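Visitor: Can you read through this structure? Questions will come right after.
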Amino acid sequence: MQPDERTSLLHEDSLVPTVTHTTHSPRQSKARIVFLACGIFLIVFAIWALQAFARPVWPENGKVSFKELKELIKTTPDPNKARQSTEYYTSGPHLAGANLSQVLWTQDLWASYGVKSHIESYEVYLNRPVSHQLTLLERSQGGKIAEEGENKVLYEARLAEECFKEDPASCDPRRIPTFHGFSASGDVTAQYVYVNYGTVQDYEDLIKANVTLEGKIAIARYDKVWRGMKVMRAQLLGVVAVVLYTDPGADAFQEANGDLPYPYGYARQPSSVQRGSVLSINWQPGDPSTPGYPSLPGSVRIVPEDMEWLPRIPSLPISYEDAAPLLEALNGHGPSATSMGKSWEGGGLGYRGVEYNVGPSAPEVVLRVVNNQAYEFTPIHNLIAVVNGTEEDEVVLIGNHHDAWTLGGAADPHSGSAALNEIVRSFGKALGRGWKPRRTLVFASWDAEEYAMIGSTEWVEEHLPWLSDAGVAYINVDPGVTGSKFYASAAPLIHELLRRSTKGVLSPNQTIPGQTLADLWGSGIGTLGGGSDFGAFLHHAGIVSVDMNFQFSEDAPPFHYHSQYDSLTYMERIIDPGFLYHRALAQLWGLVTAELVDAPILPFNVTDYATALKAYIEDVKEILKQSHSAAIREHHFDNLTSAADRFFDTAITFDSEALALSQTICRKDSLFMRWRPWRENDLKSKAKHVNGKLRALERQFLYEGGLDDRPWFKHTIFAPGYWEGYSGVNLPGLRESIASDDEEGVSRWDKIITKVLHQASDLLEQ
Ligand SMILES: [Zn+2]
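Counted from 1, the sequence shown has number 134 at position 83 by my numbering; the numbering is strictly sequential.
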């Protein structure tokens with residue numbers, strides 16, 4: 052049998068000289084000496100060659116093999132250490148730009164794990180709460196506007212969360228007031244209307260039902276879409292202020308059903324308030340004063356009047372305890388919510404006397420909304436650790452944010468911070484044992500995510516030239532653990548790696564011994580939308596991204612999102628006692644990262660992308676049929692379809708060649724290859740070539756002009772929904788053109804997407 056790369060050198064007969072023991076003539080002896088000398092030379096040469104060429108051949112990688120690295124990642128994360136991190140972070144307030152001491156603490160911690168980091172700061176435009184007031188008034192004089200003090204106060208909203216000694220964070224004098232990031236200051240008194248979730252459809256339903264919105268105040272429940280879009284849509288319809296509350300109707304445990312509220316039971320605490328940003332981040336994230344470029348000292352700033360994604364009307368977040376009296380005062384006024392359509396059902400405050408009428412309120416019954424916000428330029432601080440790899444032009448990044456709306460933030464963001472610290476500790480151990488990553492690895496702890504993903508956006512904008520060349524993938528976690536159900540959203544290239552990695556982590560739920568995260572996960576992977584730090588990486592820079600976490604399920608106690616009850620106490624008592632999901636998260640996050648960093652061929656599956664693209668196009672063809680415009684309905688996507696078919700065929704060929712190359716490189720008995728350095732060099736250059744294509748692939752789908760009306764979003768395949776925000780959509784340009792009956796837009800986006808698909812095929816076929 053002819054030797055090849057699969058043939059083990061150590062079993063190669065011809066390399067072991069045979070010595071026979073017979074009687075020899077002097078001539079024979081001389082020949083024997085020469086033969087022996089040759090044999091010894093060959094053995095010495097073999098040992099030398101093995102030494103000389105026994106360079107890293109994955110997975111037997113240098114001083115720490117890939118197997119050992121994976122073992123370290125699985126065994127290092129420690130629930131107790133995760134708890135310690137959380138305890139520290141939740142011990143003081145840390146709003147965006149007001150958390151430097153925590154950043155320095157993390158920096159010291161990472162240094163103690165052997166990972167050096169540095170701080171990268173920006174100066175950004177932010178607001179801080181000054182004062183607020185929300186009053187339900189009855190006007191005197193039959194509904195005419197009366198002088199101050201002449202109106203009867205029907206209800207004064209508390210606008211604060213209650214203190215319970217059972218949860219010490221809720222009584223801390225440093226706790227942060229309830230407010231909206233980027234809300235407008237104002238003092239407005241008007242009749243008000245209940246607008247359901249405040250989605251585009253909800254407002255349309257109201258207009259159809261002849262409910263006047265102009266000049267009114269809107270009360271909306273949270274959920275369905277990004278809170279900023281509720282406010283922006285209202286503003287565009289002439290609404291003068293917005294009040295947002297969390298309705299308990301969808302909770303598994305409810306006061307209405309006799310469940311006691313937190314801290315005495317599992318129902319939502321009635322005074323809890325969801326703070327949060329109301330900037331239209333799905334139109335323009337990052338510092339609103341520097342759209343598209345970094346907020347460095349001396350950067351040119353645009354004035355607030357030009358920030359079209361900044362709301363102009365005041366808004367307040369309130370609890371359902373504060374919302375109930377306001378909604379109750381709408382009883383009997385205007386249509387009942389349930390008559391408006393199915394999506395209007397499900398309100399959970401009936402037990403507090405709310406009948407869910409839409410309003411408007413009686414002419415003499417008005418709301419007064421007072422919101423005072425101070426805007427300022429504030430330094431924010433990202434913590435960045437760079438571990439250089441041997442392939443310095445290939446970089447893998449992982450991160451989460453460290454700013455929080457409340458003093459606690461045990462889940463959001465610190466379940467992620469705690470897991471990240473454990474990953475840094477795991478990789479730190481490997482580094483201590485001499486591990487050298489193949490690719491450069493970056494750990495990031497972002498500031499000001501909560502306001503508008505500002506820390507990550509400014510950082511990506513500053514480092515765009517480097518990332519556009521070297522960016523391989525960004526793995527985000529936020530919030531990491533709000534329950535026990537695993538969720539992931541990701542770009543299709545990385546789906547297979549994600550699914551494979553979940554098989555390598557034991558679930559904290561061991562009702563069946565040995566079950567892994569994969570066993571309990573439906574393996575559905577969502578489309579990346581908006582609302583966290585992956586946005587700048589995927590949508591602006593075209594870097595393959597993932598966002599993953601353990602979320603609360605429908606049958607679990609609620610997550611007190613952006614409330615002061617997102618505390619260490621709540622985490623320990625209800626969400627993750629024992630911090631076992633924190634450990635599982637760190638293990639999974641670490642495994643995905645390790646393979647991205649160390650696999651000789653990037654673990655991306657192009658066929659998955661091509662399959663997804665074909666499905667997206669078919670979906671759009673279905674949507675097209677519903678268009679009001681006959682011209683749009685008759686549009687054919689022939690060129691786009693054939694471009695997708697070409698990309699699919701190209702992907703299959705590319706993936707099979709990449710797999711074959713990967714198998715050749717990874718073959719365990721590939722020592723033979725080391726005898727042939729030219730062969731190794733050949734494989735290395737082939738790997739470099741293939742990896743270069745794989746890391747550039749996602750960027751082929753960028754379009755420099757960006758999406759219509761939001762040019763910062765350059766990805767033609769994925770974006771947060773224009774009016775949704777959190778949820779992601781595919782082929783956004785086409786979908787939005789169809790939705791707005793824009794025939795020209797449909798043709799234009801058809802051409803743009805066809806072009807980027809061919810561009811991607813060209814790259815792979817080169
Ligand atoms: Zn968060």
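C-beta atoms are modelled at their ideal positions from N, C-alpha and C, and glycine is treated no differently. All figures in this text were calculated on a predicted structure; none of them were measured in a lab.
Could you give the DSSP three-state label for P516: helix, strand or coil?
Guide: Looking at P516 - three-state DSSP - the assignment turns out to be helix.
Visitor: How long is the line joining the alpha carbons of V648 and V446, rounded to whole angstroms?
Guide: Answer to the nearest angstrom: the Cα atoms are 8 Å apart.
Visitor: What is the DSSP secondary structure of Y667, reduced to helix, strand or coil?
Guide: Y667 falls in the helix class under three-state DSSP.
Visitor: In angstroms, rounded to a whole number, what distance separates the CA positions of K275 and N308?
Guide: Computed Cα separation, rounded: 24 Å.
Visitor: Quick check on the contact list: which residues have their beta carbon closer than 7 Å to a heavy atom of ligand 1?
Guide: Qualifying residues, in the order they occur: H452, D463, P464, E500, E501, D529, P530, S583.
Visitor: Any idea which residues DSSP pairs G577 with across the strands?
Guide: For G577, which the question treats as bridged, DSSP gives the partners S540.
Visitor: Can you tell me which of the three DSSP states H145 falls into?
Guide: H145 falls in the coil class under three-state DSSP.
Visitor: If you reduce the DSSP assignment to three classes, tell me which class E396 lands in.
Guide: The answer is coil: DSSP assigns E396 none of H, G, I, E or B.
Visitor: What is the rounded straight-line gap between the Cα of W456 and the Cα of A682?
Guide: Distance between the alpha carbons of W456 and A682: 48 Å.
Visitor: Anyone know if the C-beta pair for P368 and R278 falls short of 9 Å?
Guide: Yes; because the gap between Cβ atoms is below 9 Å, this pair is in contact.
Visitor: Determine whether the beta carbon atoms of D298 and G399 lie at a separation below 9 Å.
Guide: Their beta carbons are under 9 Å apart, which means D298 touches G399 by this criterion.
Visitor: If we count the other Cβ atoms within 10 Å of its Cβ and call it buried at 16 or more, is R106 buried or exposed?
Guide: Confidence in R106 is poor, its pLDDT being 45 and thus under 50, which makes the residue's placement unreliable; the coordinate value appears in the next sentence. Under this definition R106 is an exposed residue.
Visitor: Count the other CB atoms, across all protein chains shown, that sit within 10 Å of the CB of R319; report buried if there are 16 or more and exposed otherwise.
Guide: With 16 or more other Cβ atoms within 10 Å, it is buried.
Visitor: In chain order, which alpha helix (DSSP H) runs of at least 4 residues are fully inside the segment 339-415?
Guide: Runs of the alpha helix (DSSP H) inside the segment 339-415: 371-379.
Visitor: Starting from H183, trace the beta strand (DSSP E) in both directions and tell me its first and last residue.
Guide: Element bounds for H183: 169-189.
Visitor: Near M622, what residues of its chain come up, given a Cβ to Cβ distance below 7 Å and the 5 sequence neighbours on each side ignored?
Guide: Around M622: T137, A461, A462.
Visitor: Exposed or buried, I789, counting other C-beta atoms within 10 Å across all chains shown (16 or more means buried)?
Guide: I789 comes out buried.
Visitor: Helix, strand or coil for R746 per DSSP?
Guide: The answer is helix: DSSP assigns R746 an H, G or I state.
Visitor: Do the segment 476-489 and the segment 411-422 meet, that is, are 3 or more Cβ pairs less than 8 Å apart?
Guide: Too few Cβ pairs lie closer than 8 Å, so no.
Visitor: Please say whether V166 and G148 have beta carbons closer to each other than 9 Å?
Guide: For G148 and V166, no; Cβs fall outside 9 Å.
Visitor: Closer than 7 Å by C-beta to K114: which residues in its own chain qualify, once you throw out the five before and the five after it? Chain order, please.
Guide: Result list for K114: R484, G485, W486, in chain order.
Visitor: Please tell me whether L642 and I268 are closer than 9 Å, where the distance is taken between their beta carbons.
Guide: Against a cut-off of 9 Å, the Cβ pair of I268 and L642 comes out as no contact.
Visitor: Residues in the same chain with beta-carbon distance under 6 Å from E513, minus the five sequence neighbours each way, listed in chain order, please.
Guide: Answer for E513: P345, listed in chain order.
Visitor: Quick one: is A103 buried, meaning 16 or more other Cβ sit within 10 Å of its Cβ, or exposed?
Guide: Residue confidence is low: A103 scores 44 on pLDDT, short of 50, so the model does not pin down where it sits. No coordinate-derived value is stated.
Visitor: Is V276 helix, strand or coil by DSSP?
Guide: Reduced to three states, the DSSP call for V276 is coil.
Visitor: On the criterion of 16 or more Cβ atoms from any shown chain inside 10 Å, does H687 qualify as buried, or is it exposed?
Guide: Classification for H687: exposed.
Visitor: Let's see if you can read the secondary structure: which residues bound the alpha helix (DSSP H) around P783?
Guide: Per DSSP, P783 belongs to the alpha helix (DSSP H) from 783-790.
Visitor: Note down, in chain order, each residue of its chain lying with its Cβ closer than 8 Å to the Cβ of E265, except the 5 sequence neighbours on either side.
Guide: For E265, where only same-chain residues beyond five positions count, the Cβ hits under 8 Å are L288, G289, V290.
Visitor: Below 7 Å CB to CB, which residues in the same chain sit around V181 once its five sequence neighbours on both sides are set aside?
Guide: These residues qualify, in order along the chain: N423, Q424, A425.
Visitor: Could you give the DSSP three-state label for Q615: helix, strand or coil?
Guide: Reduced to three states, the DSSP call for Q615 is coil.
Visitor: Once DSSP output is grouped into helix, strand and coil, what is the label at V657?
Guide: Note: V657 maps to helix in three-state DSSP.
Visitor: Would you call the segment 311-318 and the segment 246-266 touching, i.e. three or more CB-CB distances under 8 Å?
Guide: Touching, no, given that fewer than three Cβ pairs across the two stretches are closer than 8 Å.
Visitor: Pull up the CB-CB distance for I37 and H432, whole angstroms please, since I reckon it's below 8 Å.
Guide: The structure shown does not extend to residue 37, since the chain is modelled only from 52 to 817, so the question has no answer here.
Visitor: Just the Cα atoms here: how many angstroms apart are L377 and T662?
Guide: Looking at the two C-alpha atoms, the distance is approximately 50 Å.
Visitor: So is D760 buried or exposed if we call it buried at 16+ other beta carbons inside 10 Å?
Guide: With fewer than 16 other Cβ atoms within 10 Å, it is exposed.
Visitor: Three Cβ pairs or more, each shorter than 8 Å: is that satisfied between the segment 803-813 and the segment 580-589?
Guide: Flag = no, the segment 803-813 and the segment 580-589 do not touch.
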